[in-house]
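Below is one structure, written out as structure tokens; comments come after it.
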Amino acid sequence: MPKAMLLTVLAMLAFAGNSVLCRLALDTTGIDPASFTSLRLISGAATLWLLVTLRGGSVTSQGSWPSAIALFAYAAGFSWAYIHLDAGMGALLLFAAVQVTMIGTGIVRGERLTLPQQAGMALATLGLIALLLPGTSAPPLPAALSMLAAGIAWGVYSLRGRGATNPTAVTAGNFLRTAPLAIILSLVMLQNQSLDTEGVLYALASGAITSGLGYAIWYAALPLLRASVAATVQLSVPVITTLGGALLLAEPLTLRLSLTSAMILGGIALVLTRPRKTG
8 MPKAMLLTVL AMLAFAGNSV LCRLALDTTG IDPASFTSLR LISGAATLWL
58 LVTLRGGSVT SQGSWPSAIA LFAYAAGFSW AYIHLDAGMG ALLLFAAVQV
108 TMIGTGIVRG ERLTLPQQAG MALATLGLIA LLLPGTSAPP LPAALSMLAA
158 GIAWGVYSLR GRGATNPTAV TAGNFLRTAP LAIILSLVML QNQSLDTEGV
208 LYALASGAIT SGLGYAIWYA ALPLLRASVA ATVQLSVPVI TTLGGALLLA
258 EPLTLRLSLT SAMILGGIAL VLTRPRKTG
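Going by the numbering used here, the first residue of the sequence shown is number 8, and it counts up by one from there.
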């Protein structure tokens, strides 16, 4: 398997694994969302610090507090949402919010969408509305809003990180800055704290492996991929997550989720498609 393909597959599995691990922890163990968030961020910071340090780099001079706050907001919203959301549903909402935030920011800054891209944006928006409409298979609205907020925060974080010369070191610096925020969160939520061995292990795996190592692998893959491929391949994450939720958590694959997923992911794929230059 070519190096670029191997790294990309591993990164997408790691990103999907974040959702599956969080849902496993909050649905099947006794850990609370604040503790999961804190353990994930601190173990992610430790892993990324170690990776950067072993390469002879510096972490403390990298990253910024605004980016760290966006990262913290994403991680917290992500955890609270997964108390009630299925893994696939949560990943779809997260991905949609991230892409809408980034695409919408581009439009506000003056980017113009072609007619197929406009149609894709409309299709994705209709799919998101259809997903959230009341019904027996609709996600709980507070949890859905929490995940959408997490997606917006991650979109902001991603926009702030564009153009970083050493994205792994920058991410490590941002993770490191979330550690005091995570400690404060745990202290504020101390009365609701609940820990067990299995839940702690899921949180540490989410931070160290699917977050820390996952981001490092993805940043190693990015230089080997065209921008359009890097953007489009991320469409696989909600699909992988949905399959993981079905296999590991026995989550149902409803018709509503399947149809709205096709609308949202298909619409975003159209938006991400760049017209070929001629001449």
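All C-beta atoms, glycine included, are put in the ideal place defined by N, C-alpha and C.
With fewer than 16 other Cβ atoms from the protein chains shown falling within 10 Å of its own Cβ, W72 counts as exposed.
Residue range T204 to A212 is occupied by the alpha helix (DSSP H) that includes V207.
Under the DSSP assignment, N25 falls in the alpha helix (DSSP H) whose first and last residues are K10 to T35.
At a cut-off of 4 residues, the continuous stretches assigned as alpha helix (DSSP H) that sit fully inside the segment 100-146 are 122-139. Spanning the alpha carbons of A21 and G127 requires a straight line of approximately 27 Å. The alpha helix (DSSP H) runs lying completely inside the segment 163-234 and spanning 4 residues or more are 174-195, 204-212 and 221-228, given in chain order. In terms of Cα proximity to L58, the closest of R169, Y164 and S218 is S218.
Of the residues assessed, T60 falls on the exposed side of the cut-off, its CB having fewer than 16 other CB atoms within 10 angstroms.
Cβ neighbours of L155 within its own chain (closer than 7 Å, five residues either side excluded): L100 and A104. By the Cβ neighbour-count rule, M12 is exposed, with fewer than 16 other Cβ atoms within 10 Å of its own. Rounded to the nearest whole angstrom, the C-alpha separation of F79 and L188 is 7 Å. In summary, N181 is buried, with 16 or more beta-carbon neighbours lying within 10 Å of its beta-carbon over all protein chains present. Sequence-distant partners of L211 (beyond 5 residues in either direction) whose C-beta falls short of 7 Å from its own C-beta, in its chain, are L46 and S50. In the three-state scheme derived from DSSP, where H, G and I count as helix and E and B as strand, T67 is classed as coil. Each of A131, V115, R119 and V163 was checked against the Cα of L242, and the nearest Cα belongs to A131.
Less than 9 Å separates the beta-carbon of G251 from that of G95. Between the alpha carbons of Y222 and Q198 lies a gap of roughly 33 Å. Counting C-beta pairs with one atom in each stretch, the segment 248-266 and the segment 111-127 have fewer than three that are closer than 8 Å, which means they do not touch.
For A253, the enclosing alpha helix (DSSP H) stretches over residues S243 to L256.
DSSP places I38 in the coil class of the three-state scheme, outside both helix and strand.
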